[in-house]
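> Before anything else, here's the structure in question.
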Amino acid sequence: MTGTAQNGLKDKLLTFRHGVHPEEFKELSNHQRIERMPFVEEYTLPLLQHIGAPSKALVHKGQRVRRGDKIADAGSFVSVALHAPVDGTVTDVGLYGHPNGQMLPAIRIKADPFSTQQLDQPPQRQPEELSKAEFIAAIQQAGIVGLGGAAFPAHVKFNIPEDKHCRYLMLNGCECEPFLTCDHRVMVEYAEELIDGTRILQHFIQAEKVSIAIEANKPDAVATLREAAAKVGFPVEVVPLKVKYPQGAEKMMISAILGEEVPAGRLPIDVGVLVSNVGTIVALSQYFRQSQPLIERVITVTGTAVRRPANVLVPLGTPMRDLVEFCGGVTEEATRILLGGPMMGIVQKSLDTPVVKGTSGILVLTEREVQDIDTFSCIRCGRCLEACPIFLNPARLGLLARKGLWDDMEDYNAMDCFECGSCSYVCPSGIPLVQSIKVGKAMIRERKTK
Amino acid sequence: MVEKPKITISSSPFLHDQVTTPKIMWELSYTLVPILLAAVYYFGLSALMVSAASIAGCLATEYYLGKKGPLGNPLRDGSALLTGLLLALTLPPGFPLWMAFVGGVVAIGMGKVIWGGLGQNVFNPALVGRAFLQAAFPTAITTWEPPDGRYLGLRGTNLAPPFYQGEAVDALSTATPLSEMKFSHEPTALADLFMGNISGSLGETCGLLLLLACIYLIIRRIINWRIPVGILATVALFSGIVYLIAPDRYPSPGFMVLAGGLLLGAVYMATDPVSSPLGPKGIWIYSIGIGLLVVLIRIWGGLPEGVMYAILLMNAATPLINRFVRPRVYGYS
């Protein structure tokens, strides 16, 4: 049914069924080498930068911190530590604007203007000396979360229960969202760290097979990683996948490579697969080899309204305004600011929020790219059904949402939707399908908790 | 400081495919132009006049009764023009112009507007118009003229005054290949059917052009390929079996596919997204159903042609099909 059907054809790239082909816009930044963001005056570090419980602040106003010092501890098992991105002084622990639109607790740090900002942390115990439990605890202490966008704590994912076996470790370098190129650049410029991090993880996971999946529009990443793996003799298969959105969704990648589906409501590990974003694995290597916890990440700042699109290595907590300024600022034509890609990104009302662990891109778009079309009635053309990667009936779900029939929506598997937006993308009548489904899911959840 | 731009807040996705509903409607209409030109080639000015009357009926009704769309003028989405063109292509060349106009009014009025406008109707509007004309004016709609190379003269009862059936301008009228087959067992040469050198409705003569349009529309993904493929394959297969049992009594599958309105119906009417099911499984049921009904009506029914009723019946079954046939969702066995 799925990708395996095409395994026999050598020249045909693996992929999943359905999906869409939006314009890529990657050429704006895919050849820009990663630049380091200069240090700014003040940093804002929200205690919630991941899925799960917020971190617990360990510092108080006026306290001096050094770059890489732990400033907040994990709030529960599904939570991670947080570290100071600079040498400086804590100026406040209070409520600040969060990229998700809310005011949430955050630690403010004023950078020390006289510091060289060299990382000076004691060396970590090498992974080979650690037990599995110690390894898991170390990743949590390193503050590492999935850098693909969802920011799920990495140690929770890597902590495979005893009764489950990981057959397949898959690294996700698909980067199927248009515009974004940070994973692409990381794979090209941090190939050695990526292979090293994979070895570290594989030491504990002992998967039967390790592969790195990359959309075929990044041939340089494919070649570089093959070379880097061969150099150290580490058996990893670099698999180019067809360029199609949402190829980088975990379930779609598993379909493409294994031809298997993850049963509804279950995790990839239930079918013996562990999927991780490539940036996350680089962070893993940097923590063990360079003693650097997760205090910075690569972000693509792009869109035709950005004067100088770039891939930037940014300390967490940097105000987005400073980052965009570093990239030349925005043009007069800017009409929309997004965090993440154009398909699933979250719109921002201003640039006054900080960069967090889950920020993969800042996109500033003009009217030309935001291709709003007029809304007509549904003509039941079925394009949304043929786009939905998990075979839902978005047309029906959209209609049910408009009528407020939440129970019927649940019956039509609304809760399985992972909100990739392919249905809204293809709808010729411009109906906000995924948006209605999101509303429906929220209503269903709300009724459940009552 | 970053300049203060005017920033809009909305929800993702922010990119959109460039195929829009009006573009789909207009593109379908454009592909009908060669077919209309072929009708003019075979039947002359009459073909153009009948089409103009039918389109006028559709456009006037949509303009005065239709809901204003997001483009303001309800005509701008192109769907009323498409209905007018399609209705015209199902009419005989000598058809009274006033009846064609009334057909257009009924197609849009009863076929679309009373259901709530674009996207809300259960039946294909053009076929609703034709079904009305067939019931109201059974003689006029079954009076056929052969293609005879007369370009300028008007045919049949084209100029009958409103509310009159009219007298034929000349007594020349023939049977269609389907009725010849049905009532006198005389098959027409397939080459004639293919090129369109036969009597029939405006758009059911030239099989070649309809097949080319079909291929183009499938490649452009304007129509769902499963519908014409399902219908034509079913008709060919079912009538092929019947033909093999008694070749002297029943028409060949090639004749069944090329004669009458089957190609026009399979490419343009049955594929109307509004009145066909959602999702591949439902579409197969729908198109195979149409194919079976066409053969049943043509071979064992009282009428020589059955495409219109076959499609309308399966249109009626579409809500039911949509209810019971659901796609299998990812992760469920």
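The listed protein sequences correspond, in order, to chains B and V.
Here the first sequence is numbered in this note's numbering, starting from 1 and rising by one per residue.
Here the second sequence is numbered in this note's numbering, starting from 1001 and rising by one per residue.
The C-beta atom is built at its ideal place from N, Cα and C for all residues, glycine as well.
Using alpha carbons as the reference points, say which of B:A442, B:R447, B:L316 lies closest to G68 of chain B.
If you number the first sequence from 1, residue 68 of chain B lands on position 68. Nearest option by C-alpha distance: B:L316.
> Is the Cβ-Cβ distance between L1190 of chain V and G1254 of chain V less than 7 Å?
Indexing the second sequence from 1 puts residue 1190 of chain V at position 190. Indexing the second sequence from 1 puts residue 1254 of chain V at position 254. Taking 7 Å as the Cβ cut-off, L1190 of chain V and G1254 of chain V qualify as a contacting pair.
> For the beta strand (DSSP E) that contains K209 of chain B, what are its first and last residues?
In the first sequence, counting from the first residue as 1, residue 209 of chain B sits at position 209. Taken as a continuous stretch (DSSP letters only), the beta strand (DSSP E) holding K209 of chain B covers 209-215.
> Kindly list the residues whose CB is nearer than 6 Å to the CB of E24 of chain B, restricted to its own chain and excluding five residues on each side of it in sequence; keep chain order.
Here residue 24 of chain B is taken as the residue at index 24 of the first sequence, counted from 1. Excluding residues within five positions, the ones whose Cβ falls inside 6 Å are P178.
> Does any CB atom of chain B fall closer than 7 Å to the CB of Y1250 of chain V?
Locating residue 1250 of chain V in the second sequence gives position 250, where the first residue counts as 1. Y1250 of chain V does not count as touching chain B.
> Report the rounded CA-to-CA distance for A452 of chain B versus K26 of chain B, giving the unit in angstroms.
In the structure as shown, chain B begins at 1 and stops at 450. Residue 452 of chain B is therefore absent and cannot be evaluated.
> Does any residue of chain V bring its CB to less than 7 Å from the CB of K157 of chain B?
Position 157 of the first sequence holds residue 157 of chain B. For K157 of chain B, the answer is no, since every Cβ of chain V falls outside 7 Å of its Cβ.
> With a cut-off of 7 Å, does the C-beta of A84 of chain B fall near any C-beta of chain V?
Locating residue 84 of chain B in the first sequence gives position 84, counting from the first residue. Interface with chain V (7 Å Cβ-Cβ cutoff): A84 of chain B is excluded.
> Would DSSP call K453 of chain B helix, strand or coil?
Since the first residue shown for chain B is 1 and the last is 450, residue 453 of chain B is missing from the structure and cannot be characterised.
> How about S1287 of chain V: is its C-beta nearer than 7 Å to some C-beta of chain B?
In the second sequence, the residue the question calls residue 1287 of chain V occupies position 287. So, not an interface residue.
> Look up I1198 of chain V in the DSSP assignment and say whether it is helix, strand or coil.
Numbered from 1 along the second sequence, position 198 holds the residue referred to as residue 1198 of chain V. Of the three classes helix, strand and coil, the one that applies to I1198 of chain V here is coil, per DSSP.
> Of the residues that make up the region 1008-1026 of chain V, which ones have a beta carbon closer than 8 Å to any beta carbon in chain B?
T1008, I1009, S1010, S1011, S1012, P1013, F1014, L1015, H1016, D1017, Q1018, V1019, T1020, T1021, P1022, K1023, I1024
> Can you list, in chain order, the residues of its chain with a C-beta nearer than 6 Å to that of E453 of chain B? Leave out the 5 residues immediately preceding and following it.
Outside the displayed span of chain B (1 to 450) sits residue 453 of chain B, for which this structure offers no information.
> Could you check where the alpha helix (DSSP H) with P240 of chain B kicks off and where it finishes?
Here residue 240 of chain B is taken as the residue at index 240 of the first sequence, counted from 1. In the DSSP assignment, P240 of chain B falls outside any alpha helix (DSSP H) and lies within the beta strand (DSSP E) extending over 237-241.
> Between T1157 of chain V and G1196 of chain V, what straight-line distance do the alpha-carbon atoms span, to the nearest angstrom?
Translated into the one-based positions of the second sequence, residue 1157 of chain V becomes position 157. Translated into the one-based positions of the second sequence, residue 1196 of chain V becomes position 196. One C-alpha to the other measures close to 22 Å.
> On the criterion of 16 or more Cβ atoms from any shown chain inside 10 Å, does K403 of chain B qualify as buried, or is it exposed?
Reading the first sequence from its first residue, position 403 is the one you call residue 403 of chain B. K403 of chain B should be labelled exposed.
> In angstroms with no decimal places, state the Cα-to-Cα distance between W1115 of chain V and T1143 of chain V.
As a working mapping, residue 1115 of chain V is identified with position 115 in the second sequence. As a working mapping, residue 1143 of chain V is identified with position 143 in the second sequence. Spanning the two alpha carbons is a distance of roughly 32 Å.
> In the DSSP output, what is I274 of chain B paired with across the bridge?
Position 274 of the first sequence, counting from 1, holds the residue named residue 274 of chain B. The sequence as given places Leu at residue 274 of chain B; Ile does not occur at that position. DSSP, once it has assigned bridges, lists B:L169 as partnering L274 of chain B.
> Which complete alpha helix (DSSP H) runs does the region 104-185 of chain B hold, if anything under 4 residues is left out?
132-141, 154-158
> Using a Cβ-Cβ cutoff of 8 Å, what residues of the region 179-193 of chain B are near chain V? List them in chain order.
Per Cβ criterion, the list is empty.
> What residues of chain V sit near S424 of chain B, judged by a beta carbon separation below 7 Å?
For the purposes of this step, residue 424 of chain B is taken as residue 424 along the first sequence, with counting starting at 1. Within 7 Å Cβ-Cβ: P1013.
> Does chain B have any CB closer than 7 Å to the CB of L1118 of chain V?
Residue numbering aside, residue 1118 of chain V sits at position 118 when the second sequence is read from its first letter. So yes, L1118 of chain V belongs to the interface.
> Here's a check: name, in chain order, each residue in its chain whose Cβ is nearer than 8 Å to the Cβ of E42 of chain B, leaving out the five neighbours to either side.
Taking the first sequence and counting its residues from 1, the one referred to as residue 42 of chain B is at position 42. Counting only Cβ-Cβ distances below 8 Å, and skipping sequence neighbours, we find T91, R108, I109, K110, A111, P319.
> Going straight from the alpha carbon of E332 of chain B to that of T304 of chain B, what length do you get?
In the first sequence, residue 332 of chain B corresponds to position 332, counting from 1. In the first sequence, residue 304 of chain B corresponds to position 304, counting from 1. Cα-Cα distance, rounded: 11 Å.
> Am I right that Q435 of chain B and S424 of chain B are in contact with their C-beta atoms under 8 Å? What's the rounded C-beta distance?
Reading the first sequence from its first residue, position 435 is the one you call residue 435 of chain B. Reading the first sequence from its first residue, position 424 is the one you call residue 424 of chain B. Yes, Q435 of chain B and S424 of chain B are in contact; Cβ-Cβ is about 7 Å, under 8 Å.
> Consult DSSP for G1291 of chain V and reduce its assignment to one of helix, strand or coil.
The residue labelled residue 1291 of chain V in the question sits at position 291 within the second sequence. In the structure shown, G1291 of chain V sits in a helix (DSSP, three-state: H, G or I).
> V1257 of chain V and V1235 of chain V: beta carbons closer than 7 Å?
As a position in the second sequence, residue 1257 of chain V is number 257, starting the count at 1. As a position in the second sequence, residue 1235 of chain V is number 235, starting the count at 1. Cβ distance < 7 Å, so V1257 of chain V and V1235 of chain V count as in contact.
> Specify, as a first and last residue, the run of the beta strand (DSSP E) that L1312 of chain V falls within.
Residue numbering aside, residue 1312 of chain V sits at position 312 when the second sequence is read from its first letter. No beta strand (DSSP E) contains L1312 of chain V, which is instead part of the alpha helix (DSSP H) from 1307-1324.
> Candidates B:A395, B:T449, B:V347, B:Q32: which alpha carbon is nearest P1013 of chain V's?
By one-based count along the second sequence, residue 1013 of chain V stands at place 13. The option with the nearest alpha carbon to P1013 of chain V is B:V347.
> Rounding to the nearest angstrom, what Cα-Cα distance links T15 of chain B and I214 of chain B in this structure?
For the purposes of this step, residue 15 of chain B is taken as the residue at position 15 of the first sequence. For the purposes of this step, residue 214 of chain B is taken as the residue at position 214 of the first sequence. C-alpha separation (whole angstroms): 11 Å.
> Closest to P38 of chain B by C-alpha separation, out of B:L313, B:I444, B:T302, B:V330, would be which residue?
Translated into positions along the first sequence, residue 38 of chain B becomes position 38. Among B:L313, B:I444, B:T302, B:V330, the Cα nearest to that of P38 of chain B is on B:L313.
> Counting contacts by CB-CB distance shorter than 7 Å, is S377 of chain B in contact with chain V?
For the purposes of this step, residue 377 of chain B is taken as the residue at position 377 of the first sequence. Yes, S377 of chain B counts as interfacial toward chain V.
> Counting only C-beta atoms, is V1274 of chain V closer than 7 Å to chain B at any point?
Residue mapping note: residue 1274 of chain V aligns to position 274 of the second sequence, counting from 1. When Cβ-Cβ separations below 7 Å define contact, V1274 of chain V makes contact with chain B.
> Extract the residue ranges of the beta strand (DSSP E) inside the region 1217-1292 of chain V, only unbroken runs of 3 or more that lie entirely within it.
none
> Taking G1078 of chain V as the query, report the chain B residues whose CB atoms sit under 7 Å from its CB, ordered along the chain.
Along the second sequence, one-based indexing puts residue 1078 of chain V at 78. Correct list: empty, because the minimum Cβ distance to chain B is about 11 Å.
> Do we get a CB-CB distance below 7 Å when we pair Y1041 of chain V with the residues of chain B?
Your numbering for residue 1041 of chain V matches position 41 in the second sequence. It does not; no Cβ of chain B falls within 7 Å.
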